[in-house]
Every structure is written in C-alpha cells, then in structure tokens.
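Asks: Protein sequences, first through last, are from chains Z and R. Going by the numbering used here, the first sequence opens with residue 196, and the numbers climb by one from there. Going by the numbering used here, the second sequence opens with residue 196, and the numbers climb by one from there. Every residue gets a Cβ at the ideal spot worked out from N, C-alpha and C, and that includes glycine. Here it is, the structure, as structure tokens.
Protein chains: 2
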Amino acid sequence: MTTKKIVLTGDRPTGPLHIGHYVGSLKNRLILQETCTQFVMLADVQALTDNFDNPQKVRENVVEVALDYLAVGLDPGKSTIFIQSLLPQLFELTLYYLNLVTWNRLKHNPTVKQEITQKGYGESVSAGFMVYPVSQAADITAFKAEIVPVGEDQLPMVEQSNEIVRHFNRIYHTNVLVEAEALIPKIAARLPGIDGKAKMSKSLGNAIYLSDTADVVAKKIKGMYTDPNHLRVEDPGQVEGNPVFDYLEVFDPDKEKLEEMKAHYRRGGLGDSVVKKRLAEVVQAELEPIRQRRAQFEKDRGAVMQLVLHGSQRAASVAAQTLSEVRKAMCLDY
Amino acid sequence: MTTKKIVLTGDRPTGPLHIGHYVGSLKNRLILQETCTQFVMLADVQALTDNFDNPQKVRENVVEVALDYLAVGLDPGKSTIFIQSLLPQLFELTLYYLNLVTWNRLKHNPTVKQEITQKGYGESVSAGFMVYPVSQAADITAFKAEIVPVGEDQLPMVEQSNEIVRHFNRIYHTNVLVEAEALIPKIAARLPGIDGKAKMSKSLGNAIYLSDTADVVAKKIKGMYTDPNHLRVEDPGQVEGNPVFDYLEVFDPDKEKLEEMKAHYRRGGLGDSVVKKRLAEVVQAELEPIRQRRAQFEKDRGAVMQLVLHGSQRAASVAAQTLSEVRKAMCLDY
Numbered sequence: 196m197t198t199k200k201i202v203l204t205g206d207r208p209t210g211p212l213h214i215g216h217y218v219g220s221l222k223n224r225l226i227l228q229e230t231c232t233q234f235v236m237l238a239d240v241q242a243l244t245d246n247f248d249n250p251q252k253v254r255e256n257v258v259e260v261a262l263d264y265l266a267v268g269l270d271p272g273k274s275t276i277f278i279q280s281l282l283p284q285l286f287e288l289t290l291y292y293l294n295l296v297t298w299n300r301l302k303h304n305p306t307v308k309q310e311i312t313q314k315g316y317g318e319s320v321s322a323g324f325m326v327y328p329v330s331q332a333a334d335i336t337a338f339k340a341e342i343v344p345v346g347e348d349q350l351p352m353v354e355q356s357n358e359i360v361r362h363f364n365r366i367y368h369t370n371v372l373v374e375a376e377a378l379i380p381k382i383a384a385r386l387p388g389i390d391g392k393a394k395m396s397k398s399l400g401n402a403i404y405l406s407d408t409a410d411v412v413a414k415k416i417k418g419m420y421t422d423p424n425h426l427r428v429e430d431p432g433q434v435e436g437n438p439v440f441d442y443l444e445v446f447d448p449d450k451e452k453l454e455e456m457k458a459h460y461r462r463g464g465l466g467d468s469v470v471k472k473r474l475a476e477v478v479q480a481e482l483e484p485i486r487q488r489r490a491q492f493e494k495d496r497g498a499v500m501q502l503v504l505h506g507s508q509r510a511a512s513v514a515a516q517t518l519s520e521v522r523k524a525m526c527l528d529y
Numbered sequence: 196m197t198t199k200k201i202v203l204t205g206d207r208p209t210g211p212l213h214i215g216h217y218v219g220s221l222k223n224r225l226i227l228q229e230t231c232t233q234f235v236m237l238a239d240v241q242a243l244t245d246n247f248d249n250p251q252k253v254r255e256n257v258v259e260v261a262l263d264y265l266a267v268g269l270d271p272g273k274s275t276i277f278i279q280s281l282l283p284q285l286f287e288l289t290l291y292y293l294n295l296v297t298w299n300r301l302k303h304n305p306t307v308k309q310e311i312t313q314k315g316y317g318e319s320v321s322a323g324f325m326v327y328p329v330s331q332a333a334d335i336t337a338f339k340a341e342i343v344p345v346g347e348d349q350l351p352m353v354e355q356s357n358e359i360v361r362h363f364n365r366i367y368h369t370n371v372l373v374e375a376e377a378l379i380p381k382i383a384a385r386l387p388g389i390d391g392k393a394k395m396s397k398s399l400g401n402a403i404y405l406s407d408t409a410d411v412v413a414k415k416i417k418g419m420y421t422d423p424n425h426l427r428v429e430d431p432g433q434v435e436g437n438p439v440f441d442y443l444e445v446f447d448p449d450k451e452k453l454e455e456m457k458a459h460y461r462r463g464g465l466g467d468s469v470v471k472k473r474l475a476e477v478v479q480a481e482l483e484p485i486r487q488r489r490a491q492f493e494k495d496r497g498a499v500m501q502l503v504l505h506g507s508q509r510a511a512s513v514a515a516q517t518l519s520e521v522r523k524a525m526c527l528d529y
C-alpha cells in the first residue's frame with residue numbers, strides 16, 4: 196500500500212469561477228484527486244481580509260464556487276471540499292504561528308507588498324490583510340499538506356509557511372509539522388481577458404464564467420478582442436497577443452488544424468468571424484458538460500451546502516488531530 | 196431583579212503572584228466577585244506571545260496562579276476561572292477583529308510601544324506580540340464585559356477594544372458587541388520592590404510571593420531596603436521612598452499607631468528593626484490565611500485543575516454564544 200500525497204488547494208469565494216480558473220487550476224485538481232488526498236478550501240476567512248465590509252458577497256459566492264467545483268467534476272468522494280471558517284483549528288494555529296514570524300518579515304512579503312500596491316491600501320492596510328500569509332500557513336499545515344498547487348506569484352506564501360514549519364519544529368523539539376512543496380501545475384495555462392488585457396478577472400468584466408449560459412458564451416466570444424490591425428479579411432493578421440488564438444491554443448484539441456489556421460490568418464484571407472466560430476465550437480464543447488452538471492446540482496442548492504458542510508466536518512477532524520499534536524508540543528495539552 | 200455587571204480580568208501565567216498583585220488587583224477581585232459576574236482568565240496564549248520559546252514555564256504557572264487565586268479567596272462559584280487557550284472562540288474573534296484594525300494603528304499602540312522598548316525587541320518583534328491588543332479585545336468582547344479593571348498603563352488596551360466594538364457594530368449593522376469601561380481600582384495600591392525599586396517583579400527578584408513560607412517572608416522583610424542614611428537608631432530617618440513604610444501604609448490596619456511610628460522615625464530614635472518587626476506582624480497576619488488555604492488546595496492539584504477546566508467550559512459556552520452572534524452579523528451562519 197502506498198500512501199497518497201496530501202494536497203491543499205482552494206479559492207477565495209469572491210466571485211464565480213471563470214475559464215481562466217478552469218484551465219489554470221481546476222483541471223489540474225481533477226487530475227490530483229485521482230492520485231492524491233485533496234482538500235479544497237472555500238477560503239471565506241481569507242476573502243474577508245479584503246472584503247470585511249461586504250460579507251454578503253463572500254457568503255453568496257461560497258455556494259456559487261462550490262457549484263463550480265461540482266460542475267467541473269470535483270468529486271466529494273475524492274476531494275474534501277470545505278469552508279475555511281468552519282474549522283476553528285485554523286484560527287488557533289494562525290495565532291500560535293504569529294509568535295514565530297517577525298512583524299518585519301510580514302512587511303516584506305513580496306506577494307503582500309504587490310497586492311497592497313495593486314489595491315491601493317497604502318498606510319491604511321488592515322492587520323488582517325498583513326497576516327494572511329500566516330493564516331495560509333495554518334491552512335497548509337493543518338492538513339500536513341505536502342503539495343500546494345500555486346501560481347508563480349504565490350511562491351512566497353509557501354516559503355513563508357515552510358519557514359514557520361521549520362521554526363516551530365525546532366523551537367518545540369518536534370516533527371509535528373510538515374513542509375509543503377509548491378507545485379506549479381504543468382498543464383496550467385494562463386488566459387488573457389476577452390478584451391485582450393493580460394488578466395481575466397471579475398473586476399475587469401472580461402471573463403467567461405463556467406456558469407455562463409451557452410448564449411452568453413457565444414456573445415462574449417463574438418465580441419472578443421483580436422488583432423486591431425486586421426481590418427479586412429484579406430489583410431495579414433497577427434496571432435501573437437491575439438486572445439482568440441491564445442484560447443484556441445488551450446481549447447482546440449486539433450493541433451494540426453490550428454497550425455493551418457494560424458498560417459492562414461498570418462498570410463491573410465482568414466476572417467476573425469471564422470476563427471471565433473471555431474473557438475466557440477471548442478469552448479462550448481468543453482463547457483457544455485460542465486453546464487449540464489451545474490444544472491443538476493443547482494436543482495438542490497441545499498444538498499450542495501450539505502455536501503460542503505459534511506466536507507467541513509471531515510476536514511475539521513483532520514485539522515483537530517494536527518492541532519492536538521501542536522498543542523502537545525507547546526505544552527498546552529491540559 | 197438587577198442584572199449583575201460583567202467583569203473580565205486575569206493574569207499572564209509567567210510566575211507566581213506576589214503581594215503587589217494582591218493589593219493591586221486580587222483584593223479588588225474579591226470585592227467584585229460579590230457584586231459582579233466575574234471572569235478571571237489565566238492568559239496562557241498572551242503569555243506565549245513573549246514566552247513562545249518557553250512554553251513549559253507558562254504551563255507550570257497556569258497551575259501556580261490558579262492556586263494563588265484560590266488561596267486569596269477567589270471563589271469558583273462566584274468567579275469563573277478559566278484558561279485562555281481552552282476557548283477556541285477567542286482565536287476566531289481575534290482574526291475577525293484584525294480586519295478592523297489598521298497595521299499602522301497597532302504600530303502606534305502606546306502600551307505595546309513601551310513594552311517593545313522595555314523588552315529590547317526592536318525590529319525583531321513578533322507579529323504575535325504586535326497583535327496582542329486585538330487578542331485582548333477578543334477576550335473582553337467574548338464575555339461582553341462591561342468592566343475591565345486595569346492599571347493606568349493598560350488604558351490604551353481598553354480603548355483599542357472599544358474602537359473595534361464600534362467599528363464592528365457599525366460595519367455589520369449590529370449591536371452584538373459591547374463597549375467596556377476601564378476600571379482603575381480605588382483600593383489598589385502599587386508596592387515598590389523590597390529593594391526599593393519602583394516595581395516589584397519576578398525578573399528583579401525583589402518580590403514577596405503569596406506562596407512564600409512564613410520563614411521566607413520574615414527573611415525578606417528583615418532584609419528590606421530602608422532609608423540608607425538612617426545609620427544609627429538615634430538618627431532621623433526618612434519615611435518617603437522608604438518601602439517599609441510604603442508597605443505599612445498598605446498593610447497596617449492601625450493607622451493611628453502608624454502615624455506615631457512615622458513621626459518617631461522622622462525625629463530619630465526608632466530603629467529599622469522595630470519598624471520591620473511591625474511590618475512582618477501585619478504582613479504575616481494578612482498572608483497566613485492565604486497560606487493556609489493554599490496548603491489545603493495544594494494537597495490535590497488535580498482537583499484544582501478540574502476546577503479550572505470546569506470554569507473553562509463555562510467560559511467557553513458564554514464565548515460561543517457571542518461568537519455565534521458575531522458570525523451571524525458577518526453572514527457566516529452557514
């Protein structure tokens with residue numbers, strides 16, 4: 196018997212998931228759930244660090260994101276889907292770990308620094324936001340996760356967590372906590388927005404959502420940004436930086452045909468509408484089964500919540516075991 | 196029926212309690228427990244913020260301080276004595292409150308700033324230490340405490356807590372949280388160390404402990420610092436800044452006799468040994484019943500721990516009620 200590796204992953208429930216999430220992480224989770232013990236966190240507490248004044252939004256998206264998970268094929272029998280705030284152990288671990296991290300270290304976390312700039316927080320950044328890397332360390336270590344799939348920009352988070360693990364184990368003469376490996380998924384792809392902007396995001400309004408109807412998807416693809424200099428069909432067009440081709444690269448299973456289209460587009464004579472028609476075809480083919488599964492689950496949102504609450508109980512019992520070992524190491528086993 | 200006011204108080208269990216604690220806060224708690232609903236916290240989590248590398252010390256002192264509480268007459272039937280780390284609700288509240296406090300605000304907390312200087316932390320101060328005022332806000336609000344007895348130097352802590360209360364209630368459109376009033380005890384007195392230094396403390400080794408035997412107390416009083424210029428009995432002596440007289444002021448019930456002694460000492464002819472003898476008399480009279488009660492409780496430390504565990508359960512159920520209201524206000528009532 197080989198023991199399965201433990202994976203922790205998840206999302207901040209601040210909006211519905213889009214096809215960028217799908218190709219960037221969700222597809223990878225479908226693979227991981229077959230070979231690993233996977234915990235998938237609906238990170239409501241983390242979402243509140245920058246949405247504390249809009250808790251209703253977080254609440255609503257917990258269910259939406261859970262539906263997205265089930266729709267893409269995350270299987271609650273294989274992946275434990277849970278709500279972060281339902282695990283009291285995570286708060287407690289966070290507070291203990293805060294003693295092991297200097298104030299200075301938090302201030303210099305590259306990911307957090309960048310986010311503070313992006314969000315324009317400046318001097319008014321909340322303490323909750325500053326300490327969220329430590330809260331992530333609690334999430335990771337509570338499950339003794341060995342693998343944490345992340346984007347490049349999230350690497351400092353896993354580093355911070357591993358630092359805490361080493362510090363904790365050294366100070367408390369234990370090996371209770373386990374270092375995690377950051378996994379930058381090989382199959383992952385980063386999709387630009389349908390407007391050609393580098394990032395697909397809810398706030399930019401340039402995303403295709405997993406929960407979009409076929410009509411909405413068709414309309415969004417029709418309106419996509421392409422090469423702005425490709426004015427007439429006979430003009431040569433540019434494939435690089437053209438999101439329609441970026442998407443085809445990811446979604447079109449017929450790579451030979453795609454190469455032909457690219458060559459045709461470059462030399463001129465291939466209209467954008469034809470390329471978009473092909474894109475719509477392959478994207479709809481990928482999204483259709485997801486939409487069908489979503490429709491099934493949407494019939495009983497109460498049952499979806501029950502699945503997640505059940506997953507939260509299962510996750511909590513794992514976290515409780517780790518916390519009990521942590522407390523023992525810290526002489527807190529009263 | 197009048198509802199009793201709710202009081203939260205407690206100590207960091209980092210050493211046995213001394214007569215400075217006794218006259219500074221413990222005696223006041225004996226009064227409060229008669230008229231209020233009093234929660235007395237063994238603040239092990241807070242103690243770990245600056246003792247995270249010595250958890251054994253904190254663990255041992257949890258029992259010692261509990262014994263001190265029972266010895267002075269805190270009555271578990273009237274005062275709920277509990278261990279902070281056994282209330283998971285406090286960690287969770289702390290994390291939620293961190294979103295409502297700016298990083299900057301924490302940095303400028305006067306009490307914390309002073310402590311950082313005193314402890315020589317400088318740039319290496321831990322995040323856990325920096326956020327402990329928010330953890331205190333969790334302690335206070337979890338019980339909806341209306342009264343928090345504090346020393347002058349702790350006033351900014353209650354202010355910080357009340358700020359969080361107002362911010363929380365405003366943002367989440369609720370009145371779940373309750374502001375607390377800082378109570379600077381009227382009967383409290385501040386005792387200098389037996390070496391004449393301004394503060395009695397374990398680290399300075401200049402304290403008389405509630406758990407000291409009669410012999411040790413006698414010896415400590417005999418060796419007390421007095422007026423260094425009072426060399427011969429017939430010399431005039433100084434009463435001000437003379438800790439023996441400071442202590443008599445607090446412990447001697449016979450105020451008339453004390454005034455006579457002071458006058459005699461000032462004009463000369465009253466030996467230090469005579470004054471110290473009187474001090475020993477009144478201090479031992481006060482400590483003797485405390486020692487006797489302590490001896491009783493010490494016979495069964497397991498039972499003392501049971502009392503505290505029972506108190507922790509009671510405290511946790513109050514905190515759980517508050518947390519449930521807090522979660523509802525934050526749309527976290529899944």
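1) Just the chain Z side, please: which residues come within less than 8 angstroms of L295/R by C-beta, in chain order?
2) Quickly, what does DSSP pair L181/R with across the bridge? List them, please.
3) For N299/R, decide whether its Cβ has a neighbour in chain Z, counting only Cβ atoms nearer than 7 angstroms.
4) Does chain Z have any CB closer than 7 angstroms to the CB of S512/R?
5) Who pairs with M236/R in a beta bridge, going by DSSP?
6) Going straight from the alpha carbon of R300/Z to that of L527/Z, what length do you get?
7) Tell me which residues share the same chain as Y264/R and place their Cβ nearer than 7 angstroms to its Cβ, disregarding the 5 neighbours each side in the sequence.
8) Tell me which residues share the same chain as P328/R and place their Cβ nearer than 6 angstroms to its Cβ, disregarding the 5 neighbours each side in the sequence.
9) At 4 residues or longer, and completely inside the segment 301–342 of chain R: list those alpha helix (DSSP H) runs for me, N to C.
10) Out of Y316/R, T312/R, T232/R and E259/R, which one is the CA nearest neighbour of G210/R?
11) Buried or exposed: Q331/R, going by 16 or more other Cβ atoms within 10 Å of its Cβ?
12) Straight-line CA distance for L293/Z to A322/Z?
13) How about H362/Z and L465/Z: do their beta carbons lie closer than 7 angstroms?
14) Relative to the ligand MN, is the shortest distance from any of its heavy atoms to the C-beta of L350/R smaller than 6 angstroms?
15) What are the boundary residues of the alpha helix (DSSP H) that includes Q349/R?
16) List in chain order: all unbroken beta strand (DSSP E) runs of 3+ residues lying wholly within the segment 376–455 of chain R.
17) Rounded to a whole number of angstroms, what is the C-alpha to C-alpha distance between N424/Z and A402/Z?
18) Mind listing the chain R neighbours of M525/Z? Cutoff is C-beta to C-beta under 7 angstroms, in chain order.
19) Beta-carbon of S280/Z versus every beta-carbon of chain R: anything under 7 angstroms?
20) G497/Z lies in the alpha helix (DSSP H); which residues open and close that run?
21) Could you check whether the Cβ of E358/R sits closer than 7 angstroms to any Cβ belonging to chain Z?
22) Assign H216/Z to one of three DSSP states: helix, strand, or coil.
23) What does P351/R reach in chain Z if we use C-beta pairs closer than 8 angstroms?
24) Counting C-beta neighbours from all protein chains within 10 Å, is the total for N370/Z 16 or more, i.e. buried, or is it exposed?
25) Hey, is T244/Z's beta-carbon within less than 7 angstroms of any beta-carbon in chain R?
26) Kindly indicate which three-state DSSP category T297/R falls into: helix, strand or coil?
27) In angstroms, rounded to a whole number, what distance separates the CA positions of A409/R and K471/R?
28) DSSP on P283/R, reduced to helix/strand/coil?
29) Whose C-beta lies closer than 7 angstroms to the C-beta of N246/R among residues of the same chain, with five residues either side of it excluded?
30) With distances taken Cα to Cα, identify the nearest neighbour of T198/R among E341/R, L482/R, A384/R and P438/R.
31) For L443/Z, which of E287/Z, A475/Z and I278/Z has the nearest alpha-carbon?
32) Is Y264/Z helix, strand or coil by DSSP?
Replies: On the basis of the supplied data:
1) For the purposes of this step, residue 295/R is identified with residue 100 of the second sequence, where counting begins at 1. What L295/R touches in chain Z: F247, S321 and G323.
2) This structure gives no information on residue 181/R, because the portion of chain R shown stretches from 196 to 529.
3) Here the question's residue 299/R lines up with position 104 in the second sequence. Using a CB distance cut-off of 7 angstroms, N299/R counts as an interface residue toward chain Z.
4) Taking the second sequence and counting its residues from 1, the one referred to as residue 512/R is at position 317. Between S512/R and chain Z, the shortest Cβ-Cβ separation is not below 7 angstroms.
5) For the purposes of this step, residue 236/R is taken as the residue at position 41 of the second sequence. According to DSSP, which records beta bridges pairwise, M236/R is partnered with G205/R and F277/R.
6) Mapped onto the first sequence, residue 300/Z falls at position 105. Mapped onto the first sequence, residue 527/Z falls at position 332. Taken atom to atom, the span from the alpha-carbon of R300/Z to that of L527/Z is near 26 angstroms.
7) By one-based count along the second sequence, residue 264/R stands at place 69. V235 and I276.
8) By one-based count along the second sequence, residue 328/R stands at place 133. So the qualifying residues of the chain are N304, M352 and Q355.
9) Counting only runs of 4 or more residues that sit fully inside the segment 301–342 of chain R, the alpha helix (DSSP H) segments are 305–314, 322–325 and 327–337, in chain order.
10) The sequence position of residue 210/R within the second sequence is 15, counting from 1. Answer by Cα proximity: E259/R.
11) As a first step, residue 331/R must be located in the second sequence, where it is residue number 136. Buried is the call here.
12) Working through the first sequence from its first residue, we reach residue 293/Z at position 98. Working through the first sequence from its first residue, we reach residue 322/Z at position 127. In a straight line, the C-alpha of L293/Z is about 12 angstroms away from that of A322/Z.
13) Here residue 362/Z corresponds to residue number 167 of the first sequence, with the count starting at 1. Here residue 465/Z corresponds to residue number 270 of the first sequence, with the count starting at 1. Their beta carbons are not under 7 angstroms apart, which means H362/Z does not touch L465/Z by this criterion.
14) Among the components modelled here there is no ligand, and therefore nothing to report on the ligand MN.
15) Taking the first residue of the second sequence as 1, we reach residue 349/R at position 154. No alpha helix (DSSP H) holds Q349/R; DSSP gives it neither H nor E.
16) The beta strand (DSSP E) runs lying completely inside the segment 376–455 of chain R and spanning 3 residues or more are 376–378, given in chain order.
17) Within the first sequence, the letter at position 229 stands for residue 424/Z. Within the first sequence, the letter at position 207 stands for residue 402/Z. In this structure, the straight-line span from the alpha carbon of N424/Z to that of A402/Z is close to 23 angstroms.
18) For this step, residue 525/Z is matched to residue 330 along the first sequence. Those are P250, listed as they occur along chain R.
19) Sequence index remark: in the first sequence, residue 280/Z carries index 85 (1-based). At least one beta carbon of chain R lies nearer than 7 angstroms to the beta carbon of S280/Z.
20) Residue numbering aside, residue 497/Z sits at position 302 when the first sequence is read from its first letter. The continuous alpha helix (DSSP H) containing G497/Z extends over residues R496 to A524.
21) By one-based count along the second sequence, residue 358/R stands at place 163. Closer than 7 angstroms: no.
22) Counted from its first residue, the first sequence places residue 216/Z at position 21. In this structure, H216/Z counts as helix in the three-state DSSP scheme.
23) The residue labelled residue 351/R in the question sits at position 156 within the second sequence. None at all; the shortest Cβ gap to chain Z is about 16 angstroms.
24) By one-based count along the first sequence, residue 370/Z stands at place 175. Exposed, because fewer than 16 other Cβ atoms sit within 10 Å of the Cβ of N370/Z.
25) Indexing the first sequence from 1 puts residue 244/Z at position 49. Judged by the 7 angstroms Cβ criterion, T244/Z is in contact with chain R.
26) In the second sequence, counting from the first residue as 1, residue 297/R sits at position 102. T297/R falls in the strand class under three-state DSSP.
27) To locate residue 409/R, count along the second sequence from 1; it is residue 214. To locate residue 471/R, count along the second sequence from 1; it is residue 276. Rounded to whole angstroms, A409/R to K471/R spans 14 angstroms at the Cα level.
28) Working through the second sequence from its first residue, we reach residue 283/R at position 88. Three-state result, P283/R: helix.
29) Taking the first residue of the second sequence as position 1, residue 246/R is located at position 51. Shown here for N246/R: same chain residues with a beta carbon closer than 7 angstroms to its own, the five before and five after excluded, namely T209, K252 and V253 in chain order.
30) Translated into the one-based positions of the second sequence, residue 198/R becomes position 3. Taking only the C-alpha atoms, the option nearest T198/R is E341/R.
31) For this step, residue 443/Z is matched to residue 248 along the first sequence. It is A475/Z.
32) Here residue 264/Z refers to the residue found at position 69 when the first sequence is read from its first residue. In the three-state reduction of the DSSP assignment, Y264/Z falls in the helix class, which pools H, G and I.
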